[in-house]
Every structure is written in C-alpha cells, then in structure tokens.
Ligand code: NDP
Ligand code: GDR
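Numbering (full-length UniProt numbering), first residue to last: 20 to 396.
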C-alpha cells in the first residue's frame, strides 16, 4: 500500500469567526474529523461523502504510511477532492486553531485518541494528554476561532467509562467507574464536553459507544487479533493464537452501524449524550469459538479456566490452537460491558443492523481473503 500525499488545499486561509448566523453558516456541509485514519474515521468519511459533505481530516505525520483505511477515498488535490487532509495532532493547540479557522467546519467529530486500553497503562501520561486534554484543546480552538455557536461537536466517549460493574445493562445514567488510564482520560473528555455545553451553550454531544469492530479494526484489539489468527492458522501461516482474559464480556457491534449514530447525534436540534450498543454481551471465549467455527474447527477448552494453563484444542486433531498468556492481562480489567441503547433508538431512530454472528463472519472472511492474498504474493 502506498501513502497519500497531504495538501493544505489552496484557498484555505485563516478566518476568525463568521459573519453568518449559525443557521446560515450550517447550510454548508463541512465536516472536520480528527482520527480520520482510524477504523471509525474511515467509515464516517465514507458516510459523510455519501451525504454530500466536504470532509476534512487531520492526520499525523508518520515515517510509515498511516492512510491505508482511507486510500480508496482519496483524490488528488487537482481533481477537486471532497476529502482534504491536513497534518495535525491533538497535542498541538496552534495547529488545531489554524485548521479550524481555515476550514470553517460546520461539524467536528473528535475521533482521535490513543485508543488501546492495555497500552494506556504503559503510556498513561500521553494517553491523558491526547484523550483528555486533547478534547479540551479542540473545544477551546472552536471558541478561539469565534465559532462557539456555529459548530456542532461530537466526542468519541466510550463504555470504558463504566469500568467496574455498578449496574447492567449500562445506560446514560449508570455511574462511571473507569478502570484504566484510558478510561480516566476519556472521563475528562466526557465531562469537559458536558461542561462546555452547559457553560457556553455549545452544541456538543457525547456518544458513549460500546465496542464496535470490523475488518478495519486495529490488529491488536482482541476481535481482529482473533479473526486474523483464525485466518492465518487456516491457511497455514500461524500455529497458535495467544490471548489474555477469555472471560471478559463485551457488547460488540459493527463500526459501520455506529458511525451512522454519530452523525445522527449532530443532526438533533439540541445536544445530548447517547449510548450506542447492541444490547447483547458475549465473552471473548465465545468470539474465539465462533471465529474458529467459520473455518469448520471446533474448539474444546482444557486446563484450569482463566489461568495461563488453559488451552483451546481442535476437537478433531487435538492440536493446541489457543493458549492463554499472562502478558495480555491488564492491571485492572473491565469484566462486563452490556449496553442499553433504548435512548438512541427512540430519540435518534438508530438501531444496529449487524448481528454478532454476522460480525464474526465478516471479520474472519475478510482476513481469510487477506491471508490468501499474502500467500500468493
Ligand atoms: P483507532 O485506534 O482505529 O483510531 C484512532 C485515530 O486517532 C487514528 O486516526 C490515529 O492516528 C489518531 N490519533 C491517535 N493519536 C493522535 C494524536 N495525538 N493526534 C491526532 N490523532 C491521533 O480508533 P477507533 O477508530 O476504533 O475509535 C475512534 C474513537 O472512538 C477513539 O477515540 C476511541 O477511543 C473511541 N472509541 C472506540 C470504540 C471502539 O470500539 N472502536 C468504542 C468507544 C470509543 P494514526 O492512524 O496515525 O495512529
Ligand atoms: P477494549 O478492547 O479494551 O474493550 O477497548 P480490546 O479488544 O483491546 O479488549 C477486549 C477484551 O478482551 C480481553 N482480551 C484481550 N484484549 C486484547 N487487546 N488482546 C488480547 O490478547 C486479549 N485477550 C483477552 C481484554 O482483556 C478485554 O477485556 C476497546 C477500544 O476500542 C477502546 O478504545 C474503546 O473505548 C472500548 O473498546 C469500548
């Protein structure tokens, strides 16, 4: 895969404030996404382009390509692109002010984050800076640019805010008890969004999204790690899958469904906070079993449950295909996530489309295609 060249498109000069009323200003459809190169950023860009938006995305300068998920949407700047990329970072205030003032967006989706929970224990300060203070920087940049009443803002909040189980299923009123530096940083993000909404009347909403996956999911998240391993074991490129806690339960949906909910939140007259979830929960162990079943392999578990001695064997051959490795356990775990999306279903008319079984199938089949292609190359 090649990378995309990034252009500050000609004609994007800084403009502070707007002479137009908020209603007049919002007649244009201009979205600015942080995290456009991530899983959700790529699906949301597709959705917004389909809806006729001009989409601007902030990407990080990287020594290797980080634009693989949006490459198919890219057009050269000379071909009047509807997607324009800008270099930036949530840690760089001046840069954010520069981009917002020149793009004059009508909607901002803050999807950028150090999004890996386990990594947040290793990089706690950085995660706090990007996921917590980064949200503040973006909100303040909107104010600095004089667009407080003009821009609608979406914050990628998370079911990790719930953390330790207080009640299930979790709703917008369930108390938060985050269990990782990531969750704590996102808690700051959640509250600063709510605070700026109440303090300055900003149209700023939190989407409290439960886990959502896809073939574009980062490879170190558990679902994609499993789907890739199943595919690679199937085509003979890998022997065994090493995992951590098999008993954690998650409410897993498809990312394509969830970006639709983000957009719907910003089309409401008033800002609010919404849970997006499937309303079902499944253990990691079940994802493993279902994923192997797609290639015709039945997994049987042996050894002491939930210890590093537990293994998953192929029922037909007896070969060990799954091992538990303590390095993938977290210092503090979120045992159970199970969301109730009733508010979003009623107020936004949103409902997930993809079932759990369809999600597993979609991911495993895509990775089998990828593994076969790699075998050919
Ligand atoms: P990804 O990890 O796939 O994408 C994260 C994006 O953030 C990437 O584009 C990444 O850039 C960018 N990024 C990371 N650090 C910075 C930074 N310092 N400045 C600017 N950009 C940065 O996440 P997802 O797409 O899965 O998730 C999107 C958002 O939703 C995240 O905020 C995540 O925390 C949150 N969320 C995700 C859920 C899920 O299940 N997927 C559930 C609930 C919330 P690069 O490509 O260069 O690394
Ligand atoms: P999560 O997703 O922490 O819920 O955060 P992840 O897929 O990393 O973990 C889910 C559960 O699986 C267990 N697990 C493993 N996890 C990983 N990554 N690797 C393993 O080998 C493994 N073995 C078992 C974990 O312990 C955990 O319980 C995701 C991210 O997208 C966040 O950004 C987002 O906010 C939340 O979902 C909602």
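No residue lacks a Cβ here, since even glycine has one placed at the ideal position from N, Cα and C. This structure is a prediction, so every number in the text was calculated from the model and none was measured.
Rounded C-alpha distance that separates residue i from residue j
i: residue 201; j: residue 176; result: 11 Å
i: residue 37; j: residue 44; result: 8 Å
i: residue 123; j: residue 239; result: 35 Å
i: residue 334; j: residue 387; result: 21 Å
i: residue 292; j: residue 227; result: 7 Å
i: residue 116; j: residue 159; result: 9 Å
i: residue 63; j: residue 49; result: 13 Å
i: residue 129; j: residue 272; result: 20 Å
i: residue 174; j: residue 336; result: 48 Å
i: residue 41; j: residue 34; result: 16 Å
i: residue 301; j: residue 141; result: 27 Å
i: residue 39; j: residue 309; result: 54 Å
i: residue 198; j: residue 315; result: 37 Å
i: residue 297; j: residue 192; result: 17 Å
i: residue 367; j: residue 289; result: 12 Å
i: residue 90; j: residue 133; result: 22 Å
Contact with chain D by residue i, beta-carbon distance below 8 Å
i: residue 289; result: Included in the structure is just one protein chain, with no chain D present.
Residue i Cβ short of 7 Å to the ligand NDP heavy atom set
i: residue 231; result: yes
i: residue 445; result: In this structure the chain extends from 20 to 396, so residue 445 is not present and cannot be described.
i: residue 165; result: no
i: residue 228; result: yes
i: residue 206; result: no
For residue j and residue i, believed in contact at Cβ under 8 Å, the rounded distance
i: residue 270; j: residue 299; result: 6 Å
i: residue 265; j: residue 383; result: Rounded, the Cβ-Cβ distance is 18 Å, inconsistent with contact.
i: residue 357; j: residue 268; result: 7 Å
i: residue 146; j: residue 204; result: 5 Å
i: residue 85; j: residue 56; result: 5 Å
i: residue 150; j: residue 208; result: 6 Å
i: residue 249; j: residue 391; result: At roughly 13 Å, the Cβ-Cβ gap does not stay under 8 Å, so residue 249 and residue 391 are not in contact.
i: residue 369; j: residue 251; result: Wrong, their Cβ atoms sit about 35 Å apart, outside the cutoff.
i: residue 92; j: residue 65; result: 7 Å
i: residue 196; j: residue 183; result: 4 Å
CB contact flag (residue i, residue j, <8 Å)
i: residue 261; j: residue 181; result: no
i: residue 307; j: residue 331; result: yes
i: residue 318; j: residue 379; result: no
i: residue 119; j: residue 166; result: yes
i: residue 245; j: residue 154; result: no
i: residue 363; j: residue 295; result: yes
i: residue 231; j: residue 274; result: yes
i: residue 73; j: residue 101; result: yes
i: residue 58; j: residue 235; result: yes
i: residue 51; j: residue 171; result: no
Any non-hydrogen atom of the ligand GDR within 7 Å of residue i CB
i: residue 326; result: no
i: residue 71; result: no
i: residue 149; result: no
i: residue 353; result: yes
i: residue 267; result: yes
i: residue 241; result: yes
i: residue 40; result: no
i: residue 179; result: yes
i: residue 365; result: no
> Would the region 59–78 and the region 101–115 be scored as touching if the rule is three or more Cβ pairs under 8 Å?
Replying inline: yes
> For the 8 Å Cβ check, are there 3 or more pairs between the region 351–368 and the region 183–191?
Replying inline: yes
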